[in-house]
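For the sequence shown, the numbering used here assigns the number 54 to the initial residue and increments by one for each residue that follows. By construction, the Cβ of each residue, glycine as well, lies at the ideal position given by its N, Cα and C atoms. Right, one structure below, let's go through it.
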Amino acid sequence: MSATRLSIFALAAVSLAFGAQAQALDAKQTVQKEVTVQQEDGTTITKLVSADLVTPGEKIVYTVSYTNDDAKPATDLVLAMPVPANVRFQEGSADRDGAVVRYSTDGGSTFSERESLTLPTVGGGTRSANSDDITDIQWRIAGPVAVGSTDSIRFMARLK
């Protein structure tokens, strides 16, 4: 097994869109990996650490934290993150209260609900998309996101 060095900026970028009124968000992306650590008493805890070096099979957590730094509450937010090609999206990990989550299999050109994702097959049929087919994730947050408040979106994946 070889390890892979991750670059936060090369792996995933976030796109932000807003409703009719102009709004400002300050966003910061982090890429971490999940590790299990055994404590002196024999118990184990799971924590997130920097994902500078990741081994195939390890769980990676992509998070974008955002702050509404506008003078008004933010509404109708649309945030999207690509799923890097060298990872497998973990089903259910992008679910978030207060957001409609949609997925893309075409590099973010179109989005739909997870259960509706299909891909063409040889011979003209279609098949349900699997975790490896997901290229982008989109969160629609109606809001309001209060002035000065911070929130986040995230998904998990495993390095292939």
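Using the rule of at least 16 other Cβ atoms within 10 Å of the residue's Cβ for burial, across every protein chain shown, is residue i buried or exposed?
| i | result |
| --- | --- |
| Gln92 | exposed |
| Asn121 | buried |
| Ser184 | exposed |
| Thr158 | buried |
| Lys86 | buried |
| Ile187 | buried |
| Asp204 | buried |
| Leu106 | exposed |
| Val198 | buried |
With DSSP run on the structure shown, which of helix, strand or coil describes residue i?
| i | result |
| --- | --- |
| Arg167 | helix |
| Asp186 | helix |
| Arg180 | strand |
| Arg149 | coil |
| Pro135 | strand |
| Thr96 | coil |
| Val175 | coil |
| Thr116 | strand |
| Val107 | strand |
| Gln74 | Residue placement at Gln74 is poorly supported in this model, since its pLDDT is 45, which falls under 50; the coordinates still yield a value, given next. Reduced to three states, the DSSP call for Gln74 is coil. |
| Val102 | strand |
In terms of residues, what are the limits of the beta strand (DSSP E) holding residue i?
| i | result |
| --- | --- |
| Ser157 | 152–157 |
| Ala210 | 203–212 |
| Arg141 | 140–142 |
| Lys125 | Careful: Lys125 lies outside any beta strand (DSSP E) and carries neither H nor E. |
| Val90 | 78–91 |
Under the assumption that residue i contacts residue j (Cβ atoms under 8 Å), give the Cβ distance between them as a whole number of angstroms.
| i | j | result |
| --- | --- | --- |
| Val140 | Ile113 | 6 Å |
| Ala147 | Ile190 | 5 Å |
| Phe142 | Ala80 | Actually they are not in contact, since the Cβ atoms of Phe142 and Ala80 sit about 21 Å apart, beyond 8 Å. |
| Val88 | Tyr115 | Actually they do not touch by this definition, with Cβ atoms about 16 Å apart. |
| Ile206 | Arg149 | 6 Å |
So does the region 121–135 actually touch the region 93–103, counting three or more Cβ pairs closer than 8 Å? no
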